[in-house]
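Data block below; observations after.
Number of protein chains: 2
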Amino acid sequence: MDETAPQKGTVTQRAIERIKAMIAEGRLEPGQRLPTERDLAVQLGISRSSMREAIRALTVLGVLEARHGSGIYVTQLEAGDLLETFGVVADLSRGPRLVELLEVRRILESTATALAAARITPDQLAEVEKHLTAMNATDDPEEILAHDLAFHREIAAAAGNETMAAILEGLSSRTFRARVWRGYQEEGAFARTRREHAAIHRALLARDPEAARAAAAAHVGEVEEWLRAQLGG
Amino acid sequence: MDETAPQKGTVTQRAIERIKAMIAEGRLEPGQRLPTERDLAVQLGISRSSMREAIRALTVLGVLEARHGSGIYVTQLEAGDLLETFGVVADLSRGPRLVELLEVRRILESTATALAAARITPDQLAEVEKHLTAMNATDDPEEILAHDLAFHREIAAAAGNETMAAILEGLSSRTFRARVWRGYQEEGAFARTRREHAAIHRALLARDPEAARAAAAAHVGEVEEWLRAQLGG
DNA sequence: CCACCAGGGTGGTCGGACCACTATGGCTGA
DNA sequence: TCAGCCATAGTGGTCCGACCACCCTGGTGG
Chain A
38 MDETAPQKGT VTQRAIERIK AMIAEGRLEP GQRLPTERDL AVQLGISRSS MREAIRALTV
98 LGVLEARHGS GIYVTQLEAG DLLETFGVVA DLSRGPRLVE LLEVRRILES TATALAAARI
158 TPDQLAEVEK HLTAMNATDD PEEILAHDLA FHREIAAAAG NETMAAILEG LSSRTFRARV
218 WRGYQEEGAF ARTRREHAAI HRALLARDPE AARAAAAAHV GEVEEWLRAQ LGG
Chain B
38 MDETAPQKGT VTQRAIERIK AMIAEGRLEP GQRLPTERDL AVQLGISRSS MREAIRALTV
98 LGVLEARHGS GIYVTQLEAG DLLETFGVVA DLSRGPRLVE LLEVRRILES TATALAAARI
158 TPDQLAEVEK HLTAMNATDD PEEILAHDLA FHREIAAAAG NETMAAILEG LSSRTFRARV
218 WRGYQEEGAF ARTRREHAAI HRALLARDPE AARAAAAAHV GEVEEWLRAQ LGG
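Sequences listed follow chains A and B, in order. Quick note on this note's numbering: the first sequence kicks off at 38 and runs consecutively. Quick note on this note's numbering: the second sequence kicks off at 38 and runs consecutively.
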């Protein structure tokens with residue numbers, strides 16, 4: 038019997054787990070710098086190539102950050118860092134799963150908007166209004182989309198739950214919305230969208246959580262139903 | 038002027054984007070096999086090392102799957118595949134962010150339970166009851182935790198939204214719950230937990246969505262409040 | 001005292017070699 | 001004839017060593 042080798046999975050996978058464990062146990066603090074790739078490889082008894090694959094994997098997960106010429110650092114491990122990959126799900130989903138994603142977004146966005154109605158500050162509200170106005174003042178689809186995203190992002194931020202905001206960000210990522218919105222807006226949904234945004238804004242202004250929840254749910258629900266019909270027909 | 042090189046970011050990062058784009062554009066179907074690492078490296082004009090890092094990154098994201106000796110394949114791109122990384126967020130989050138995660142879970146889980154009350158089949162209900170009974174029949178914390186997880190997983194599955202179920206799975210991952218549950222249950226919360234589970238089951242049995250929503254929200258909310266108090270004190 | 005810059009150290013890339021595993025096809029034996 | 005075995009080619013997994021591109025620091029010269 039040989040008790041030295043745990044030997045499960047690839048060495049790279051083990052290295053990933055080891056580093057994750059070090060962070061989870063607090064032996065590596067957010068923002069802290071790690072040893073060199075070369076040193077880490079020696080410590081874990083693997084080659085630099087395998088270690089680099091592990092580091093790369095943790096980098097795309099938003100756990101580590103590699104700075105060329107400087108070193109490897111643990112990110113701040115904030116919601117935005119770790120949930121950036123959530124956008125990948127939205128970008129690679131098609132068909133029925135798009136509807137499911139919109140359903141999740143409807144649930145979270147309606148709650149976030151309700152919370153925002155109760156907590157939003159005058160400054161944040163002004164920011165929301167800025168994007169609402171800008172959105173209605175142009176005909177450029179690209180610009181409309183940008184302000185639309187910012188409008189909802191500000192509201193999510195005002196809800197005071199960074200994690201929820203980060204998830205919603207992923208569910209509304211540029212490429213995801215561009216794919217769905219394109220067809221939706223081409224059917225002349227601009228007027229309806231404008232009305233729904235106005236309703237959300239009105240609820241925020243009135244600090245009415247229930248109205249805000251309903252308005253947001255209806256807003257996302259419209260797109261959801263349209264997409265469902267697209268797939269069904 | 039040289040129009041050949043886009044030259045943004047590292048070559049590995051570019052390779053990741055290229056492959057993601059191929060999948061998003063439908064040039065690579067779910068389950069399909071990719072060219073070999075060596076061929077892919079030649080196609081994208083990079084070294085095999087860099088290509089391997091790109092593949093490893095997409096592997097941990099649940100987009101690709103490498104089978105030793107066989108080849109590299111696109112996953113089915115189902116919710117479970119792509120959202121597996123969501124558990125990392127739960128595992129590496131601490132302090133206030135844990136509360137935020139529980140808040141997200143409360144929102145999604147209450148909705149999922151409400152949907153389940155309306156849609157659950159007799160078979161699924163029997164499965165839920167099985168875990169409920171098993172959970173109440175043992176004193177082994179490990180076993181209780183396992184059945185607790187399964188109890189909620191079955192309910193989430195009955196809601197009929199795989200994406201939501203996958204997110205909840207990540208938010209309830211074993212290590213995440215073990216960390217929070219440990220302290221919570223040590224304070225003699227077993228009885229309360231048992232009562233709350235019974236309430237959820239009763240609502241499912243009565244096919245009462247509103248009661249189910251309330252029971253699930255209260256269930257998660259209890260833990261949420263306890264954790265908030267832990268941090269505050 | 002400050003601005004500059006050269007050097008060492010870091011991550012990024014490359015090429016090649018070998019190992020571990022899989023899958024295929026032909027061969028063997030019933 | 002055909003089922004089962006097995007050599008083998010091809011695949012991903014690992015390692016090594018070299019070089020490049022970039023940063024940061026400390027010394028230098030003004």
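Yeah, the Cβ is synthetic: ideal placement off N, Cα and C, and Gly gets one too. It should be emphasised that the depicted structure is a prediction, and the values quoted were computed from it without experimental measurement.
Check: Would you kindly check if the distance between the Cβ of ALA94/A and the Cβ of ALA149/A is under 8 Å?; Outcome: no
Check: Looking at the structure shown, is ALA42/A part of a helix, part of a strand, or coil, going by DSSP?; Outcome: Low per-residue confidence applies at ALA42/A: pLDDT is 47, beneath 50, and the placement is therefore not dependable, though the value from the model is reported in the following sentence. If DSSP states are grouped into helix, strand and coil, ALA42/A belongs with coil.
Check: Quick check: is the beta carbon of THR122/A nearer than 8 Å to any beta carbon in chain B?; Outcome: yes
Check: Cβ of ILE144/A less than 8 Å from any chain B Cβ?; Outcome: yes
Check: Give the single residue among ASP128/B, ILE204/B, HIS238/B, ALA91/B whose Cα lies nearest to the Cα of HIS168/B.; Outcome: HIS238/B
Check: Once you ignore the five residues that flank GLY99/B on each side, which residues in its own chain have a CB closer than 7 Å to its CB?; Outcome: THR112, ASP118, LEU119, GLU121, THR122
Check: Return the residues of the region 130-154 of chain A that lie within a Cβ-Cβ distance of less than 7 Å from chain B, sorted by chain order.; Outcome: ARG134, GLU137, LEU138, GLU140, VAL141, ILE144, LEU145, THR148
Check: In the DSSP output, what is PHE108/B paired with across the bridge?; Outcome: Before going on, a small fix: residue 108/B reads as Gly here, not Phe. According to DSSP, GLY108/B bridges with ARG104/B.
Check: In three-state DSSP terms, what is ARG232/B?; Outcome: helix
Check: Please state whether DSSP places ARG244/B in a helix, a strand or coil.; Outcome: coil
Check: CA-CA distance, ALA252/A and ALA240/A?; Outcome: 8 Å
Check: Using only the alpha-carbon positions, how far apart do SER107/B and GLU66/A sit?; Outcome: 39 Å
Check: Let me check one thing: in DSSP terms, what residues is ARG70/B bridge-paired to?; Outcome: TYR110/B
Check: Taking the straight line between their C-alpha atoms, what separation do you get for ALA79/B and TRP263/B?; Outcome: According to the sequence as given, residue 79/B is Val; it is not Ala. Taking the straight line joining both Cα atoms gives about 56 Å.
Check: Less than 8 Å between CB atoms is the rule here; does LEU205/A satisfy it with respect to chain B?; Outcome: no
Check: Cα separation between ARG211/A and ILE181/B?; Outcome: 42 Å
Check: Does DSSP classify ASN173/B as helix, strand or coil?; Outcome: helix
Check: Using 8 Å as the threshold, is the C-beta distance between ARG142/B and VAL257/B below it?; Outcome: yes
Check: Does the beta carbon of ALA61/B come closer than 8 Å to any beta carbon on chain A?; Outcome: yes
Check: Note down, in chain order, every chain A residue with its Cβ under 7 Å from the Cβ of LEU114/B.; Outcome: LEU129
Check: Closer than 8 Å, CB to CB, is LEU98/A near chain B or not?; Outcome: yes
Check: Can you tell me the Cα-Cα spacing of LEU162/A and LEU186/A, whole angstroms?; Outcome: 15 Å
Check: Quick one: what does DSSP say LEU208/A is sitting in, helix, strand or coil?; Outcome: helix
Check: With a threshold of 7 Å on Cβ separation, who are the neighbours of ALA91/A within its own chain once the five nearest residues in sequence on each side are excluded?; Outcome: THR49, ALA52, ILE53, ILE56
Check: Can you list, in chain order, the residues of its chain with a C-beta nearer than 6 Å to that of ALA171/B? Leave out the 5 residues immediately preceding and following it.; Outcome: HIS184
Check: Using a C-beta cutoff of 8 Å, does THR73/A count as contacting chain B?; Outcome: no
Check: Can you confirm whether LYS81/B, when its beta carbon is compared against all beta carbons of chain A, has any partner nearer than 8 Å?; Outcome: Sequence check: residue 81/B is Leu here, not Lys. No, because no Cβ of chain A sits closer than 8 Å to the Cβ of LEU81/B.
Check: What three-state label does DSSP hand ALA194/B in the structure shown?; Outcome: helix
Check: If you measure from the beta carbon of THR170/A to each beta carbon in chain B, is any gap under 8 Å?; Outcome: no
Check: Between SER84/A and chain B, is there a C-beta pair that is closer than 8 Å?; Outcome: no
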